[in-house]
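Shown next, in structure tokens, is the structure this report addresses.
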Amino acid sequence: MSTLRAGIVGGGFMAEVHSRAIRSARGVPAALASSSPDRARAAAERLGIESAADDLDALLADPSIDVVHVCTPNRLHLDQALAVIAAGKHVICEKPLATSADDAQRLADAAREAGVVATVPFVYRFHPMAREARARMAAGDAGRLLTINGSYLQDWLLTETDDNWRVDDGLGGPSRAFADIGSHLVDLTEFITGDRITRLLAVTRTVFDRRASSAAITTEDLAAVVVETAAGAVGTLLVSQVAPGRKNALVLEVHGSAESLRFEQENPEQLWIGRRRGSELMLRNPEELGDEATRLSIIPSGHALGYQDAFNAFVADSYAAIRGELHEGLPVFDDGVRAARITDAVLASASSGTWAEI
Ligand code: SOE
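1304 is the number of the first residue of the sequence shown in this note's numbering; add one for each residue after it.
Structure (structure tokens):
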């Protein structure tokens, strides 16, 4: 199985990102299925994919396909990923893995029973500086974790005329901003700190209850969340898709008893290390990075890495796992379940006005 042949289901922005990553991982984007044969043909042509399948069943019937990338609206993930697993193929499913933790758990169980590799693109883990922050926390350099200050802000849904399938519960699921981008933030928080969120108190707001699509909107535009962790740290997380000027501003700052660490996804070449005494450090020099950050620094320092590079590294590690070579930090379906549990807790807390346990 030297060259993996990949199928893609879905034909939007994420399918395009996945198709680039497949090529970068030396896989072949062999077939694409979408919501109709016509849409599949148009997307396959646009993305330069070998063939268009009439539907997912036709794609799964092709014995030459080793792995399927699920890049469709969230509500479709459960049935589609189950079908991929039942066909005995490996699966990479977009986040949120499912629209409830129970459904996400069904997927994780099915993948485990079938013995297939099943991963979720929590791609910010693949920035070398995020790995470096994790390594420093694990080595104890930062000391005891005290506080967490995280945010993930975007503005692409700022006005009433902005619209997308994600705002519609019927396609995107009951949570929007938190499931879509808060899931990345909590995954990265737990990945970097090595700690787990145990309970939370959330407030959510739907700024527009109608957009261009006619149905009433119930999904949240923003969420503010207070968290507590197993190790006794406390933190605040702000997630919004209506923050003017913020495009993809994921920022995570953690404060230990010895050092603080700050990672900014829009400035991913730097890791800020703050100290009370001695000089603060802006880490850039690859000579100072640990093994995992060095492994992911695929081009020499000064040549900036970005979102697509992190995505490529994620697909490369998923494909390595399919070949039997497991790298540290690969986000698998169990991680998708974890993010879905935290998302369920955010919705439960926001509706009850009380703390939710995870
Ligand atoms: C839109 O909010 C989006 O494309 C998310 O769906 C992705 O997961 C995130 O990486 C970038 O923003």
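Here a beta-carbon is modelled for each residue, glycine too, at the ideal position from N, C-alpha and C.
Open item on the list: On the criterion of 16 or more Cβ atoms from any shown chain inside 10 Å, does L1629 qualify as buried, or is it exposed?
Closed with: exposed
TODO: Return the CA-CA distance between R1644 and I1352, expressed in angstroms with no decimal places.
DONE: 35 Å
Task: Residues bridged to S1267 [DSSP beta-bridge criterion] - done: With the chain running from 1304 to 1661 in the structure shown, residue 1267 is simply not present.
Open item on the list: Could you check whether the Cβ of I1484 sits closer than 7 Å to any heavy atom belonging to the ligand SOE?
Closed with: yes
Open item on the list: Here's a check: name, in chain order, each residue in its chain whose Cβ is nearer than 8 Å to the Cβ of A1624, leaving out the five neighbours to either side.
Closed with: V1420, T1422, H1630, L1633
Open item on the list: Taking the straight line between their C-alpha atoms, what separation do you get for A1527 and L1540?
Closed with: 6 Å
Open item on the list: When you measure from the CB of K1398 to every non-hydrogen atom of the ligand SOE, does any distance come out below 7 Å?
Closed with: yes
Task: Euclidean distance between Cα positions of A1411 and F1636 - done: 5 Å
Open item on the list: Contact defined as beta carbons within less than 8 Å: I believe N1615 pairs with A1328. What is the distance between those atoms, to the nearest angstrom?
Closed with: 7 Å
Task: Cross-strand partners of T1422 (DSSP beta bridge) - done: I1395, V1635
Open item on the list: Tell me which residues share the same chain as I1484 and place their Cβ nearer than 8 Å to its Cβ, disregarding the 5 neighbours each side in the sequence.
Closed with: Y1455, Q1457, V1542, Q1544, L1553
- [ ] Reducing DSSP to helix, strand and coil, say where T1464 ends up.
- [x] coil
Task: Between the CA atoms of A1515 and T1464 - distance to the nearest angstrom - done: 6 Å
TODO: Mind reading off the beta-carbon distance from I1451 to T1496? Whole number of angstroms is fine, and I expect it under 8 Å.
DONE: 7 Å
TODO: Count the other CB atoms, across all protein chains shown, that sit within 10 Å of the CB of K1392; report buried if there are 16 or more and exposed otherwise.
DONE: buried
Task: Best match in A1607, E1595, H1606 for proximity to L1433 [C-alpha to C-alpha] - done: Note that residue 1433 corresponds to Ala in the displayed sequence, not to Leu. Out of A1607, E1595, H1606, E1595 has the C-alpha closest to the C-alpha of A1433.
TODO: Consider the C-beta atom of N1570 and the heavy atoms of the ligand SOE; say whether any pair is separated by less than 7 Å.
DONE: no
Task: Assigned exposure category for G1538 - 16 Cβ within 10 Å defines buried - done: buried
Open item on the list: Whole angstroms are fine: how far does the CA of P1366 sit from the CA of D1524?
Closed with: 42 Å
- [ ] In the DSSP assignment, find the unbroken alpha helix (DSSP H) run with S1327 in it and report its ends.
- [x] 1316-1327
Open item on the list: Measuring only the C-alpha atoms, how far is A1648 from L1503?
Closed with: 7 Å
Open item on the list: Quick check on the DSSP output: the beta strand (DSSP E) that includes V1530 runs from which residue to which?
Closed with: 1525-1532
- [ ] Please list, in chain order, all residues of the same chain as Y1622 whose beta carbon is under 7 Å from its beta carbon, the five residues on each side excluded.
- [x] L1307, A1328, G1330
Open item on the list: Quick check: what's the CA-CA separation for A1518 versus G1605?
Closed with: 48 Å
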